[in-house]
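Residue numbers (my numbering), protein chains in the order written: chain A, -10 to 263; chain B, 6 to 261. Each remark here refers to the structure printed beneath this line.
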Amino acid sequence: MDEDSSSISRVLSVGPVPDHIAFIMDGNRRYAKKRNLLDGAGHRSGYLALMNMLKYCYELGVKYATIYAFSIDNFRRRPEEVQSTMQLILEKIEDLIKEESMVNQYGVRIYFLGSLKLLSKPVRLAAERAMVATSGNSKSVLSICLAYTSSDEILHAVQECCGEKWDEGSALESKGAGNGLVFLKGNENGKIKPSIVVKDLEKHMYAAVAPDPDIIIRTSGETRLSNFLLWQSANCLLYAPPILWPEIGLWHLIWAVLDFQRNFSYLKEKTKLS
Amino acid sequence: MEMKHRSFLNGLPGVEIWVFVHFGSFCILPSPYGISKVLELLQWVADIGVKSVCLYDPEGVLKKNKEPIMQRFSSANLSEEAAVNGRLVTRRNLTLEFVSFEDGKEAVAKAANYLFVKHYANGTKEKSDFTEPQMAEALGAIGSGGADPDLLLIYGPTRCHLGFPAWRLRYTEIVHMGPLKSMSYGSLVKAIFKYTMVHQNYETTDALVAVPSCGQKFETSFHPPPFGIKENYHVIHLHFHLFTLFGEFNLMKNGS
């Protein structure tokens, strides 16, 4: 960060600084069309913009950043586009874990959130390698949502909770201490004590590696969340600047942080109530 | 500039827009002033031709104080089913729903328990993963179902959905309208108009579309319309006509 940016960062730090900012990086393809660039060039410009934004965030003291890299819905795109996007993702994951990358410079631990089993083997293995390679980093966190939607995340959490309760019940049964959990065989009715609560679900959310986001920034002026962090964004400021993702810069981040600071008391009060 | 027609959605068969009006700062209400603002807003919404409105406030104040609202928009033909499901059809054919924070995460936990009892009750663990339709069915069974809103209008100090049920927010356009005390008819019309202009970035069609009211939504800015949506193209064309109608009117500036 240059001197001016550092000064701005110090000024912003006088007020509350968001702990976690999430990004929906919308507009790469439109940017490429607007600039008459080749296919894929928009995504590459978007990647550069992302690296800059992450640097600004970590310099400002934002510890957690989450990005929406690839939605489960995106698999419905043309196969050749999915293929080229996956190839780019693979390439960039490899870049991230290089020695000289921003990730190591800022001590960033990487998590990949989503239904990773939907990814091709090379991408899945690269993601696993990145998580292992950065597991020793502890200054900041970057969560990359890949093959992710909130509805899939909620379903996954529900599935895990049901499985957990089943295992608990089975273990008790085998010890002879049913404790209200009785699984009767055949067609008889079982007495099962429903006991899944919100905390159980939250434990199994993919995004449980980070606190709830303070700000979600979606570029291109789109006002939807597109199935991103819906569970986690109850008291989160939603900011939708009307610029394409590769055009995002420091000033947009500053604006978002100032808006967050302006609404901090209100959002904090709402968080307590919920 | 004058508004030539208020009920510009009238007379368009099959057009149905669901508008969820979300009050972020409703915790300071109810007061006679607060409820009167809600009634005024609902009147505008009904005049515009919106068919269904859901009112959300995190603390459930509106849910507990819905009598004055229902008295104003009451229907003599309230069906039992509608009452049980929490949706009330009014005399003006305006469906009202009252939602609060407990219909969000708590409802998902209840739905999880429902699914556990349903799929594990026979003593055997089913191997297949739960699906979205099963989840939707579970939410409906515990009284927290309902279609995803097309548009969420937030009346409050900031653009924040304050725990609106996550399952229903997937592809909803979220618009911040400012504080309730500053609400205006013009802003409301502008928000709905802007919604109908949302270009969903189809790759195979250049029609301006709105999401059909079939209870299922797709994230269309990322992919072409999937097979399931073809039978609803007639709704898409009607909304295209709606865009044309808007083009004939001069909207009142700073509406009143």
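All C-beta atoms, glycine included, are put in the ideal place defined by N, C-alpha and C.
Beta-bridge partners of residue i, as assigned by DSSP
i, result
"Leu131 of chain A", "A:Ala54, A:Ile99"
"Ile205 of chain A", "A:Ala11, A:Leu227"
"Tyr137 of chain A", "A:Ser60"
Closer than 8 Å: residue i CB and nearest the ligand NAD heavy atom
i, result
"Leu107 of chain A", "Although the ligand NAD was asked about, the structure shown includes no ligands whatsoever."
Alpha-carbon spacing of residue i relative to residue j, whole angstroms
i, j, result
"Glu142 of chain B", "Glu111 of chain B", "16 Å"
"Ile159 of chain B", "Lys56 of chain B", "18 Å"
"Val51 of chain A", "Gly148 of chain B", "39 Å"
"Leu226 of chain A", "Val194 of chain B", "24 Å"
"Gly109 of chain B", "Ala171 of chain B", "6 Å"
"Thr55 of chain A", "Met75 of chain B", "43 Å"
"Pro235 of chain A", "Leu144 of chain B", "39 Å"
"Thr163 of chain B", "Tyr61 of chain B", "15 Å"
"Glu177 of chain A", "Cys150 of chain A", "With a pLDDT of 43 at Glu177 of chain A, under the threshold of 50, the predicted position of this residue should be treated as unreliable, though the coordinate-derived value follows. Their backbone Cα atoms lie some 24 Å apart in a straight line."
"Phe253 of chain A", "Ala152 of chain B", "32 Å"
"Asn224 of chain A", "Ser163 of chain A", "43 Å"
"Asp62 of chain A", "Leu77 of chain A", "18 Å"
"Leu219 of chain A", "Arg213 of chain A", "11 Å"
"Gly161 of chain B", "Leu105 of chain A", "38 Å"
"Leu167 of chain B", "Ile13 of chain A", "19 Å"
"Trp244 of chain A", "Ile99 of chain A", "26 Å"
"Val92 of chain A", "Leu49 of chain A", "16 Å"
"Phe169 of chain B", "Glu89 of chain A", "43 Å"
"Ser(-2) of chain A", "Asn41 of chain A", "14 Å"
"Ile133 of chain A", "Leu99 of chain B", "42 Å"
"Tyr195 of chain A", "Leu185 of chain B", "36 Å"
"Ala30 of chain A", "Ala21 of chain A", "6 Å"
"Ser73 of chain A", "Thr136 of chain B", "29 Å"
"Tyr207 of chain B", "Ser215 of chain A", "Below a pLDDT of 50, predicted positions are generally treated as unreliable, and Tyr207 of chain B, at 33, falls in that range; no measurement from the model is reported."
"Arg118 of chain A", "Leu107 of chain A", "17 Å"
"Lys261 of chain A", "Asp203 of chain A", "14 Å"
"Val246 of chain A", "Tyr45 of chain A", "12 Å"
"Leu174 of chain B", "Val112 of chain A", "30 Å"
"Gly103 of chain A", "Ala116 of chain A", "11 Å"
"Asp141 of chain A", "Glu157 of chain A", "24 Å"
"Leu67 of chain B", "Pro154 of chain B", "18 Å"
"Ala38 of chain A", "Ser105 of chain B", "38 Å"
"Met140 of chain B", "Ile185 of chain A", "15 Å"
"Ala122 of chain A", "Tyr255 of chain A", "39 Å"
Contacts of residue i in chain A (Cβ-Cβ under 9 Å)
i, result
"Lys110 of chain B", "Val187, Leu190, Glu191, Trp220, Ala223, Ser263"
"Val113 of chain B", "Ile143, Ala146, Val147, Val187, Leu190, Trp220"
Listed by chain order, chain B residues near residue i by CB distance under 8 Å
i, result
"Gln148 of chain A", "Asp134, Phe135"
"Leu107 of chain A", "Under the 8 Å cutoff, chain B gives no residues; its nearest Cβ is about 12 Å from Leu107 of chain A."
Partners in chain A for residue i, counting only beta-carbon separations shorter than 8 Å
i, result
"Met140 of chain B", "Ser140, Ile143, Leu144, Val147"
"Tyr160 of chain B", "The contacting residues do not exist; Tyr160 of chain B stays about 14 Å from chain A at best."
Where residue i meets chain B, residues with beta-carbon distance less than 9 Å
i, result
"Leu226 of chain A", "Thr163, Arg164, Cys165"
"Lys128 of chain A", "Going along chain B, no residue has its Cβ under 9 Å from Lys128 of chain A, so there is no contact; the nearest lies around 28 Å."
Chain B contact residues for residue i, given Cβ-Cβ distances below 7 Å
i, result
"Lys154 of chain A", "Phe121"
"Lys164 of chain A", "Within 7 Å Cβ-Cβ: nothing; Lys164 of chain A doesn't reach chain B, min ~17 Å."
Under 7 Å by beta carbon: chain A residues contacting residue i
i, result
"Ala152 of chain B", "Result: empty, since nearest Cβ-Cβ is about 14 Å, beyond 7 Å."
"Ala117 of chain B", "Val147, Cys150, Cys151, Ile185, Leu190"
Interface flag, residue i vs chain E, CB-CB below 9 Å
i, result
"Lys44 of chain A", "Of the chains in the structure shown, none is chain E; the protein chains are A and B."
Q: Below 8 Å between beta carbons is the criterion; list the residues of the region 198 to 216 of chain A that meet it against any residue of chain B, in chain order.
A: Glu211, Thr212, Arg213, Leu214, Ser215, Asn216
Q) Hey, which unbroken runs of the beta strand (DSSP E) at 3 residues or more fall wholly within the region 11 to 91 of chain A? A) 53 to 60
Q. Which residues, in chain order, does the region 16 to 34 of chain A contribute to contact with chain B at a C-beta distance below 8 Å?
A. none
Q.
Taking beta-carbon pairs under 7 Å, can you tell me which members of the region 133 to 145 of chain A lie near chain B?
A. Ser139, Ser140, Ile143, Leu144
Q. Using a beta-carbon distance cut-off of less than 7 Å, what residues from the region 235 to 257 of chain A approach chain B?
A. Asn252, Tyr255, Leu256
Q: Could you list the residues in the region 56 to 79 of chain B with a C-beta less than 8 Å from some C-beta on chain A, going in chain order?
A: Pro63, Glu64
Q. Listed from N- to C-terminal order along the chain, which residues in the region 169 to 193 of chain B have their beta-carbon within a distance smaller than 7 Å of any beta-carbon of chain A?
A. Ala171, Trp172, Leu174, Arg175, Tyr176, Thr177, Glu178, Ile179, Val180
Q: For the region 74 to 108 of chain A, enumerate the residues whose C-beta is nearer than 7 Å to any C-beta of chain B, in chain order.
A: none
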